[in-house]
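Contents: one structure, followed by commentary.
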Amino acid sequence: MGRITLQKVQKKFGDVEVIPPLDLEINDGEFVVFVGPSGCGKSTLLRLIAGLEDVTDGQIDIDGEDATMVPPAKRKLAMVFQSYALYPHMTVRKNIAFPMRMAKMDPAEQNRRIENAAAALNLTDYLDRRPGQLSGGQRQRVAIGRAIVREPAAFLFDEPLSNLDAALRVGMRMEISELHKKLDTTMIYVTHDQVEAMTMADKIVVLRAGHIEQVGSPLELYRTPRNTFVAGFIGSPKMNLIEGAAAAEHNAQTIGIRPEHLDVSTTAGQWQGTVGVAEHLGSDTFIHVHGVAGCDPMTVRAGGDVDVKHGDTIYLTPQAEHLHRFDTQGLRIA
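Just so you know, we're using my numbering here: the sequence shown kicks off at -19 and counts up by one.
Given below as structure tokens:
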């Protein structure tokens, strides 16, 4: 249960094509993340799968059956939105039970599902509280619990952590990943945050202007980005992309090197530059270097004990085995 296939799926709003025809395979039990900049079509694609938007053309199959024209309520999918959308006057128990009550499910079965969902989400001690008595992370877990009790073929998450502060985002990110392991159910997760994508996904779908730029595991996208867009989007800090003479030396239009694959020296190296801002974070130092031809500024990830300050002259040498080459179309050169 939970295999989803998109075949030549297209979406237009009037004459504006926001999702050109695309194909995508989501396997049973996978955690798939749609990632890309704002306006790339990731939420629209999720809503097409959920049935909340009509497909202009193409077909969506769920577990081998054509679901293109099936109403959202009958697709066996559960969606979790940015907004918790909880009923403030209801207890946690009643909020979680709401979709089952609407379906007139047997009360004993309702209670079984509520207890199981609460145990999975560490909400057992909060079932008799109201949303106003909970933290933001707990309210988000209630919203997820309301989806769990439906026992769907797949969960669809539309930027569920965007309303949380930084600390809660990290905690909830781990909780959702753990939940995926417990439930072993297909999950599709939309985010613009590539750190969330890298840390949570089995498979990442990188989107730009409705097009799928690349599909692969986090490490596949990190190690072998298909083009300069993926190279610059995946990884934190992002890859340095260099053009001009430095790239021509490697028979490429553009070369890429990640901040962690640059060796730093104060005496000699391939490229000379001047330290701008040096962000000392304890275990790491991010150095923003100016004056390197073809890439200004260049970001370097060095050890936390590196001793550099604003205005210092430093020398950088890319690790040859980690150099990426791209052609005039921005595509990877093997």
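Where is the CB? At the ideal position from N, CA and C, for every residue including glycine.
Check                                                                                                                                                                                      : Outcome
Just to confirm the assignment, what range does the beta strand (DSSP E) spanning residue 252 have?                                                                                        : 251 to 260
Ignore the nearest five residues each way along the sequence and tell me which others in residue 67's own chain have a CB closer than 8 Å to its CB.                                       : 74, 75, 78 and 111
Residues in the same chain with beta-carbon distance under 7 Å from residue 52, minus the five sequence neighbours each way, listed in chain order, please.                                : 30, 31 and 32
Can you check DSSP and say which residues form a bridge with residue 298?                                                                                                                  : 242
How many Å lie between residue 211 and residue 236 at the Cα?                                                                                                                              : 8 Å
Between which two residues does the beta strand (DSSP E) containing residue 282 stretch?                                                                                                   : 278 to 283
Taking the alpha-carbon positions, what's the residue 287 to residue 271 distance?                                                                                                         : 20 Å
Residue -9: buried (16+ other C-beta within 10 angstroms of its C-beta) or exposed?                                                                                                        : buried
Three or more beta-carbon pairs under 8 Å between the stretch 171 to 187 and the stretch 140 to 159, yes or no?                                                                            : yes
Checking 8 Å against the spacing of the C-beta atoms, do residue 171 and residue -2 come in under that value?                                                                              : no
Where DSSP assigns a beta bridge to residue 58, which residues make up the other side?                                                                                                     : 135
Please go through the stretch 49 to 127 and give each complete alpha helix (DSSP H) segment of 4 or more residues, from N-terminal end onward.                                             : 72 to 82 and 87 to 100
What's the gap between the Cα of residue 253 and the Cα of residue 193?                                                                                                                    : 33 Å
For residue 204, does the three-state DSSP call read helix, strand or coil?                                                                                                                : coil
Relative to the alpha-carbon of residue 303, which residue among 198, 259, 173 and 204 has its alpha-carbon at the smallest distance?                                                      : 204
Using a Cβ-Cβ cut-off of 8 Å (strictly less than) and excluding sequence neighbours within five positions of residue 47, which residues of its own chain qualify?                          : 31, 40, 41 and 55
Three-state secondary structure (DSSP) at residue 6?                                                                                                                                       : strand
Flag this pair as touching only if the stretch 98 to 110 and the stretch 129 to 144 have three or more C-beta atom pairs under 8 Å; answer yes or no.                                      : no
Which class does residue 172 belong to by DSSP, given the choice of helix, strand or coil?                                                                                                 : coil
If you draw a straight line from the alpha carbon of residue 218 to that of residue 297, how long is it in whole angstroms?                                                                : 18 Å
Give every residue of the same chain whose Cβ lies closer than 8 Å to the Cβ of residue 9, excluding the five residues on either side of it in the sequence, and list them in chain order. : -18, 164, 165 and 166
Consult DSSP for residue -3 and reduce its assignment to one of helix, strand or coil.                                                                                                     : strand
Ignore the nearest five residues each way along the sequence and tell me which others in residue 150's own chain have a CB closer than 8 Å to its CB.                                      : none
Do you know offhand how far residue 195's Cα is from residue 186's?                                                                                                                        : 6 Å
Where does the unbroken alpha helix (DSSP H) through residue 22 begin, and where does it stop?                                                                                             : 22 to 30
Suppose the cutoff is 7 Å on Cβ atoms and the five residues either side in sequence are ignored; what does the same chain contact list for residue 104 look like?                          : 98
Per DSSP, residue -11 forms a beta bridge with which residues?                                                                                                                             : 2
Can the beta-carbon of residue 1 be found less than 8 Å from the beta-carbon of residue -12?                                                                                               : yes
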